Each structure stands twice: as structure tokens, then as C-alpha cells.
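Under the numbering used here, the first residue of the sequence shown is numbered 384, with each subsequent residue one higher. For each residue, glycine too, the CB sits at the ideal point set by N, CA and C. Quick caveat, the model's predicted, so the values are computed rather than measured. For reference, the structure is listed below as C-alpha cells.
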Amino acid sequence: MKLVQLLAVGNVGRPVLERLRTGMASAFGVDCEIVSAVLDPRPSYHPERQQHHSSELLQRMQELPRSRNVHTLGITDVDLYIPILKYVFGEAQLGGSCALVSFCRLRQEFYGLESDDVLLGERVLKESMHELGHTLNLRHCQDYRCAMASAHAVEYIDLREAVFCQSCAKRAGLDRVLGGWLNRW
């Protein structure tokens, strides 16, 4: 992966994308850019669930032109699902080039709590690292601190760190890039 492109899917504010761009560039040691295009999420909306089907959005993202070794990370504020689950925070193509993250359920306000932009930024970064990790052929990790740990509730995302464990970083070929970060493990 030489470049991560951030793609707004629907109404996503520029500050969210800018914070994520900075975090992703540090986390992966690659260039990260915000693309000017915006993907409309409405065709993936299913009124019976009042949610957007994430796999349909990923399919549309795949159809967008991109260069080799470029990974596209879609960021959205809409609520996502796949048919076998009530909701998902994101979805990615295992070994593919596209990933998608929703910050709808990462917001404190979703749970009736007071807004916390710092916590939201941390959650979006952790979930983005997780989904992009899947594009690097990483599966879920048993280490709850690793960015690749499974999360079925937002509290599990809070337990993660915004870094891959040594084992996951090595499998993804990121151990050379992350260097000093891995010493904490």
C-alpha cells in the first residue's frame, strides 16, 4: 500500500477527514489524501431496516478508478448493516483495496451521551485502521489491544489501541514501517 485515499460517503465534514488523514498517515507510514469526489449513500438505503447496506457501498467504491497500490477508505455518517448483523461499524474487502467506516454509532450522542469530538476521533482512527488491516489480509486478532481485535460494541473499540500488535504488523508487512511503535508490545 503506497497511498490511502479518503472518500466521503455522504455528508462528512472536512474536519473529520482532515483529522483522520493525519492519523492514518502516521499509523501506516504512507501518504494519505482526501479525494474531492463524494459517493452518494442513498442507493444502498434499505427502508425496512432504516440503514444502509455496507456491502453495496463497498461494491460501488470498487467501481471507482484508482491506481495500483492505492487503498480507498470510505468514511460515512450513515448507519450500516450487513444482513446477518444488526449493525456494523465498517466493512472491508479481505485482501482488496476498499474499506468503509461509519461514525454513526461511534458518536457518544448515538447512545444519549454528551458529544466528545476527541473520543470520536480516536474511535474513527481505530476502526479505520481495523478495516484497512483487513485489506492487508489481516483477520481478527485475539489481543484486545490490537487494532485488529474484533469489536461487537463500541466499548471494545475503546479498549483497542491505534496500533497493530507485532504479529499483525509483521503479517501485513508493516513491521518495517512502524518500527518504534511495536516496542510497546
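N-terminal and C-terminal residue of the alpha helix (DSSP H) that residue i is part of
| i | result |
| --- | --- |
| Cys551 | Gln549 to Arg554 |
| Ile540 | Val537 to Leu542 |
Extent of the continuous beta strand (DSSP E) to which residue i belongs
| i | result |
| --- | --- |
| Gln433 | Premise fails: Gln433 is in no beta strand (DSSP E) and is neither H nor E. |
| Val569 | Limits of the chain in this structure are 384 at one end and 568 at the other, which puts residue 569 out of reach. |
| Glu505 | Run containing Glu505: none in the beta strand (DSSP E); it sits in the alpha helix (DSSP H), Asp500 to Thr518. |
| Ala475 | Gly473 to Ala475 |
Within 8 angstroms, strictly: CB atoms of residue i and residue j
| i | j | result |
| --- | --- | --- |
| Leu521 | Ala555 | yes |
| Glu510 | Val484 | yes |
| Leu557 | His517 | no |
| His513 | Ser480 | no |
| Glu416 | Leu456 | no |
| Met444 | Leu390 | yes |
Per-residue burial, residue i [other beta carbons within 10 Å of its own, 16 or more giving buried]
| i | result |
| --- | --- |
| His429 | exposed |
| Ile467 | exposed |
| Ala552 | buried |
| Tyr464 | buried |
| Thr405 | exposed |
| Trp564 | The predicted position of Trp564 is uncertain, since its pLDDT is 41 and thus under 50; a value taken from the coordinates is nonetheless stated next. Trp564 should be labelled buried. |
| Leu440 | buried |
| Leu519 | buried |
| Gln434 | buried |
| Gly396 | exposed |
| Glu401 | exposed |
| Ile458 | buried |
| Leu496 | exposed |
| Arg543 | buried |
| Ala420 | exposed |
| His535 | exposed |
| Pro426 | exposed |
For residue i: DSSP bridge partner residues
| i | result |
| --- | --- |
| Gln388 | Glu416 and Thr455 |
| Ser485 | Thr459 |
| Ala532 | Cys524 |
| Val421 | Ala391 |
| Tyr464 | His436 |
Are at least three pairs of beta-carbons, each pair with one atom in the segment 462 to 473 and one in the segment 499 to 518, less than 8 angstroms apart?
yes
Does the pairing of the segment 487 to 501 with the segment 443 to 463 give three or more beta-carbon distances under 8 angstroms?
yes
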